[in-house]
Each structure stands twice: as C-alpha cells, then as structure tokens.
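The block underneath contains the structure these notes are about, expressed in structure tokens.
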Amino acid sequence: MVAVQGRAAEVAAQVRDPEMPMLTLADLGVLRDVVVRPEPEGEDRVIVSITPTYTGCPALATMRDDLVSRLNDAGFPRVEVRVVLTPPWSTDWISERGRAALREAGVSPPGPAPRPPGPVALTLGQTRRAAPACPRCGSAATRLTSEFGATACKALYSCTECLEPFEHVKEI
C-alpha cells in the first residue's frame, strides 16, 4: 500500500499548473495531500487535496481535470479531488525549485507574504508593496505598470534599467 500511495503522490506532484506551466502543482504549493484508500470493490480510491491560490481561481477545474486524467493514465481509475480552503494558500508555500523556475521563465517570484499581527483591515485602495527585482537583469529599479497581469495572482512591472516588462507573482 505504501508503494501505491507513493506512486500516486509522485504522479500528482508532476501535474503542471495551467496558468503558470513552468510550475508543478507541488512546487506551487497547491497540492496538499494524496491518500490511497482501499475500497471493498477492490479498486483503490485516490483522494487528492488541493488548495487554490484564490478562492475563485478559474484554473481550479482544469487542475482537477488534469489530476484525474494523469492519475487515470497511471492506472488509478478512481480519483477524487477535494478542495481544501483552510488554511488558505500562501505564496510562502511555493518551493525554492518553483521560485527558481519562475525566475528562469522571466517571472518575478514573490517575496515573503505579509503577516500583520491581529485582524487584517479591509482596504480598498491600491496595494502597496516593495517593487520586485527584475528577473532578467536583477535591477531593483522597477515600476508597477498594472496591478493585474495575465492572471489575478500576477502584477505587471517594467525594469527601468533593461527596459523589459515582466510579471510578478503577488504576495498573499
């Protein structure tokens, strides 16, 4: 059973994020758990738990479908994908390998997520954050060009040194 569990977890860990395909769901920190449960009918059930980067993440259905498809192809015919919202996903869950893959793809990885003590006040103004370094030349001379990039979890920046635009994964 341990070998089956390990194989199922290994297959699930290789599924790529549909919005940032340079990352696996494991490297993104979205893949939370993979459990193989024996069923009385004889076929094991694989239960995969994932936490979306945002509660309304539009890629969630694709993640689920990709996990089911890859596990089915690997010989696991009964797959259930569960969405776990507590604790909420954080950019701190992105692995070091994932952060390196983002940089290599020209996307600025997030810094540490803000963790203010106590309740978080709701503000409706523009989010203020330190400007990220350019993933191409490393310069700290960058500026925000749009709060939203190709996906809601990324912002658009440009480098004033090399003049290249780049995306930055927002800290949450």
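Residues 18 to 189 in the working numbering are what the sequence shown spells out, letter by letter. Virtual Cβ for every residue (Gly too), placed ideally from N, Cα, C. Note that the structure is predicted; figures quoted are calculated from it, not measured.
To the nearest angstrom, how far is it from the Cα of S86 to the Cα of L173?
Locating residue 86 in the sequence shown gives position 69, counting from the first residue. Locating residue 173 in the sequence shown gives position 156, counting from the first residue. Approximately 33 angstroms between the Cα atoms of the pair.
Buried or exposed (CB count within 10 angstroms, at least 16 for buried), V53
Here residue 53 refers to the residue found at position 36 of the sequence shown. Counting Cβ neighbours within 10 Å, V53 comes out buried, since at least 16 surround it.
Taking the C-alpha atoms as reference points, what is the distance between A118 and E181?
Your numbering for residue 118 matches position 101 in the sequence shown. Your numbering for residue 181 matches position 164 in the sequence shown. About 19 angstroms.
Collapsed DSSP secondary structure at R153 in the structure displayed
Position 136 of the sequence shown, counting from 1, holds the residue named residue 153. In the three-state reduction of the DSSP assignment, R153 falls in the coil class.
Distance, Cα to Cα, G128 vs L161?
As a working mapping, residue 128 is identified with position 111 in the sequence shown. As a working mapping, residue 161 is identified with position 144 in the sequence shown. Those two C-alpha atoms are separated by around 16 angstroms.
Would the segment 69–79 count as touching the segment 29–38 if we require 3 or more Cβ pairs under 8 angstroms?
yes
Give the range of the alpha helix (DSSP H) segment to which T79 is assigned.
Against the sequence shown, residue 79 aligns to sequence position 62. First-last of the alpha helix (DSSP H) with T79: 77–90.
Based on DSSP bridge pairs, tell me the residues matched to C176.
By 1-based counting over the sequence shown, the position of residue 176 is 159. Partner(s): T159.
Outcome for A150 when other beta-carbon atoms lying within 10 angstroms are tallied against a minimum of 16:
Here the question's residue 150 lines up with position 133 in the sequence shown. Counting Cβ neighbours within 10 Å, A150 comes out buried, since at least 16 surround it.
So what does F183 bridge to, in DSSP terms?
The sequence position of residue 183 within the sequence shown is 166, counting from 1. For F183, which the question treats as bridged, DSSP gives the partners Y174.
In this structure, does DSSP put L45 in helix, strand or coil?
Mapped onto the sequence shown, residue 45 falls at position 28. Of the three classes helix, strand and coil, the one that applies to L45 here is helix, per DSSP.
Using C-beta distances below 7 angstroms, list every residue in its chain close to G166, excluding the 5 sequence neighbours before and after it, in chain order.
In the sequence shown, the residue the question calls residue 166 occupies position 149. The answer, listed in chain order, is A172, L173, E184.
According to DSSP, is V52 helix, strand or coil?
Stepping through the sequence shown from its first residue, residue 52 is reached at position 35. Strand at V52.
Going straight from the alpha carbon of P94 to that of V63, what length do you get?
As a first step, residue 94 is located in the sequence shown; it is residue number 77 there, counting from the start. As a first step, residue 63 is located in the sequence shown; it is residue number 46 there, counting from the start. Roughly 9 angstroms separates the two Cα atoms.
Am I right that P152 and R120 are in contact with their C-beta atoms under 8 angstroms? What's the rounded C-beta distance?
Here residue 152 refers to the residue found at position 135 when the sequence shown is read from its first residue. Here residue 120 refers to the residue found at position 103 when the sequence shown is read from its first residue. Yes, they are in contact, since the Cβ atoms of P152 and R120 sit about 5 angstroms apart, within 8 angstroms.
So, at 7 angstroms on beta carbons, what are the nonlocal neighbours of R189 in its own chain, with the 5 sequence-adjacent residues on each side left out?
Locating residue 189 in the sequence shown gives position 172, where the first residue counts as 1. Per the sequence shown, residue 189 should be read as Ile rather than Arg. S107, T108, A130, listed in sequence order.
If you draw a straight line from the C-alpha of M80 to the C-alpha of S163, how long is it?
Here residue 80 corresponds to residue number 63 of the sequence shown, with the count starting at 1. Here residue 163 corresponds to residue number 146 of the sequence shown, with the count starting at 1. In a straight line, the C-alpha of M80 is about 27 angstroms away from that of S163.
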